[in-house]
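Undergrad:
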Amino acid sequence: MRGFATDYARTHTPLRPVHPGHPTYARCPPVSGPLDDRGRLRVRGFDPTDAAAARDTEGDGDTETTPATSTDRWRRAWDRFRRDRVAVAGLAVIGVLALLAVLARPVEVGGVVVQPVALAPYDPAASGVAESYLPPSPTHPFGTDWAGRDVFSRVLYGGRYSLSIGGIAVALALAVGVPLGALAGYVGGWVDEAIMRLVDVLYAFPFLVLAIALVATFGQGFWKLVGALVAVGWIGYARLLRGEVLSVVEREYVLAARALGVTDRRILVRHVVPNAVAPVVVQATLNVGTVVLSAAALGFLGLGLPPGTAEWGSMLSAGRDTLVGGEWWVTVFPGLAIFLFVLSINLVGDGVRLALDPDAGADTYRGRGGARRDDREAER
């Protein structure tokens, strides 16, 4: 701009403030050059409204400022997760276990068979299909238990209970903990105090001890077991999301939305929760394995599903006497199923954590020969 003014002064006679009625007004040189009606320089090709719009579009570089950029963040997280071969392998194992559980026996809904495939060669509840404690063989790949039931069929079918308990309990716990945590962090005041004091009271009891107390109080059953796990599982999500919300509500885009008169409900749903829920997603993924282990522990203690149910924890409880009797297959195969599922969930949870937080693990993606990739540079 300084060079432009210098060139203009060299090629044009400077203007003097002359009144139209002054005698020298007629001798003033004609106005030429990029001047406006008030004698000011006019810069062509620049519109301040376009600059303001561009500034609003670009933002301040934060990837979490608007719902659109929040969507981009989740898309980039999915791309990072797909490049993690170990996490993808864990997800594939979980998919195989879930598929085997669904296809183990036919599924009926309202008297209508919606899934006719039966991979399990025998009914998991049928006893006396063979002699008791037969070792693994081509006819019975996992052997038989004390009642002559096929262990292979029971392990396949037992995945229905264990996997559904883990998924349903975590989903319901999220449905309770996320709204309460968001309200506590955003509203504050007596709402925050009431919710957090309840969380503190429940946190005073160990997770499994409180679940045992609830199951012992309300009795055995699938939904009673799920309810007990939900009652002790939502508190972690509520506390974690509350802390994230307290951090997000102080950011510029939330303050700007408030200044523009956006309702609190819209701010909470569109701006606060989407940008604060990432740690909760990671925690929920890892907690699926914890819930499955807790359900297996309750089943091993005889407090899970009714006796004789083909559930992995109940199978361990029914065969615990065989640990020292030599019939190792009765407990080893259900235990391996639990181990494989929980290990796969942990691998997936670790992959989700690295995908949502690229700084974790020094941007190293496992399963890629030790290669490193800086996603922050790629995003820029």
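Per UniProt numbering, the sequence shown starts with residue 1, numbered consecutively. Note that CB positions come from ideal geometry on N, CA and C, so glycine has one too.
Quick check on the DSSP output: the alpha helix (DSSP H) that includes E252 runs from which residue to which?
TA: That run of the alpha helix (DSSP H) goes 252 to 259.
Undergrad: In whole angstroms, give me the CA-to-CA distance for T71 and V277.
TA: Approximately 13 angstroms, taken between the alpha carbons.
Undergrad: What is the residue span of the alpha helix (DSSP H) that E244 lies within?
TA: Looking at the DSSP string, the run of the alpha helix (DSSP H) that includes E244 is 222 to 248.
Undergrad: Taking its Cβ as the centre, do 16 or more other Cβ atoms sit within 10 Å of D350, making it buried, or is it exposed?
TA: Answer is buried; the Cβ neighbour count reaches 16.
Undergrad: Helix, strand or coil for V277 per DSSP?
TA: DSSP places V277 in coil when its eight states are reduced to three.
Undergrad: By the three-class DSSP mapping on this structure, what secondary structure does D357 have?
TA: Looking at D357 - three-state DSSP - the assignment turns out to be coil, as it is neither helix nor strand.
Undergrad: How many Å lie between S344 and L260 at the Cα?
TA: The alpha-carbon atoms of S344 and L260 are separated by roughly 46 angstroms.
Undergrad: Can you pull the DSSP bridge partners for D150?
TA: D150 pairs with T144.
Undergrad: Suppose the cutoff is 6 angstroms on Cβ atoms and the five residues either side in sequence are ignored; what does the same chain contact list for L99 look like?
TA: Counting only Cβ-Cβ distances below 6 angstroms, and skipping sequence neighbours, we find nothing.
Undergrad: Mind pulling the beta strand (DSSP E) runs of 3 or more residues that sit fully within the stretch 257 to 337?
TA: Within the stretch 257 to 337, no complete beta strand (DSSP E) run reaches 3 residues.
Undergrad: Have a look at V176 and D321 and give me their C-alpha separation to the nearest angstrom.
TA: Going from the Cα of V176 to the Cα of D321 covers about 40 angstroms.
Undergrad: Do you know how far the Cα of W312 is from the Cα of H140?
TA: Distance between the alpha carbons of H140 and W312 is about 18 angstroms.
Undergrad: I need the straight-line Cα distance from D56 to A256, nearest angstrom please.
TA: Note that D56 scores 44 on pLDDT, short of 50, meaning its location in the model is unreliable; the coordinates nonetheless yield the value given after this. C-alpha separation (whole angstroms): 12 angstroms.
Undergrad: Could you pull the DSSP bridge partners for E108 from this structure?
TA: In DSSP, E108 forms a bridge with V113.
Undergrad: By Cβ distance, which residues of its chain are closer than 6 angstroms to P306, with the 5 residues on each side in sequence left out?
TA: Q220.
Undergrad: Is V129 helix, strand or coil by DSSP?
TA: Coil, per DSSP.
Undergrad: Going straight from the alpha carbon of V191 to that of L183, what length do you get?
TA: Rounded to the nearest angstrom, the two C-alpha atoms are 7 angstroms apart.
Undergrad: If A120 and L97 are in contact, beta carbons under 8 angstroms, what's the gap, nearest whole angstrom?
TA: Rounded, the Cβ-Cβ distance is 14 angstroms, inconsistent with contact.
Undergrad: Mind checking W329: buried by the 16 CB within 10 Å criterion, or exposed?
TA: Buried, by the Cβ-count rule.
Undergrad: Can you tell me whether A204 is helix, strand or coil according to DSSP?
TA: The answer is coil: DSSP assigns A204 none of H, G, I, E or B.
Undergrad: Give a yes or no on whether the C-beta atoms belonging to L225 and G110 are separated by under 8 angstroms.
TA: No, the pair does not count as a contact, with Cβ atoms beyond the cut-off.
Undergrad: Specify the secondary structure class of T71 as computed by DSSP and reduced to three states.
TA: In this structure, T71 counts as helix in the three-state DSSP scheme.
Undergrad: Are the CB atoms of L356 and V281 nearer to each other than 8 angstroms?
TA: Contact flag set, yes.
Undergrad: Measuring CA to CA, which of T285, R76, W234, V93 is closest to F339?
TA: Nearest of T285, R76, W234, V93 to F339, Cα basis: V93.
Undergrad: Distance check for L198 and F205, CA to CA, integer angstroms please.
TA: Each residue's alpha carbon lies about 12 angstroms from the other.
Undergrad: Flag this pair as yes or no: are the beta carbons of A238 and I195 separated by less than 8 angstroms?
TA: Yes, they are a contact pair.
Undergrad: Measure the C-alpha to C-alpha separation of W146 and N287 and round it to an integer number of angstroms.
TA: In a straight line, the C-alpha of W146 is about 33 angstroms away from that of N287.
Undergrad: Assuming contact is defined by CB atoms lying nearer than 8 angstroms, are E131 and G143 in contact in what I supplied?
TA: No.
Undergrad: For S294, I'd like the list of residues in its chain whose CB is within less than 8 angstroms of its CB, leaving aside the five on either flank, ordered along the chain.
TA: Result list for S294: F207, L208, A211, L229, in chain order.
Undergrad: With DSSP as the reference, label Y161 as helix, strand or coil.
TA: Correct three-state label for Y161: helix.
Undergrad: Looking at chain B, is there any beta carbon in it that lies within less than 8 angstroms of the beta carbon of G261?
TA: Here there is only one protein chain, and chain B is not present.
Undergrad: So, using beta-carbon positions, are A101 and L172 closer together than 8 angstroms?
TA: The answer is no: Cβ separation not under 8 angstroms.
Undergrad: Under DSSP, the alpha helix (DSSP H) around G95 begins and ends at which residues?
TA: Start and end: 85 to 102.
Undergrad: Is the distance from the Cβ of A310 to the Cβ of P136 below 8 angstroms?
TA: It is not a contact, given that the beta carbons lie outside the stated cut-off.
Undergrad: If you count every other CB in all the chains shown that lies within 10 Å of the CB of E244, and 16 or more means buried, which is it?
TA: Answer is buried; the Cβ neighbour count reaches 16.
Undergrad: Does A120 come out as helix, strand or coil in the three-state DSSP assignment?
TA: In the structure shown, A120 sits in coil (DSSP, three-state: anything other than H, G, I, E or B).
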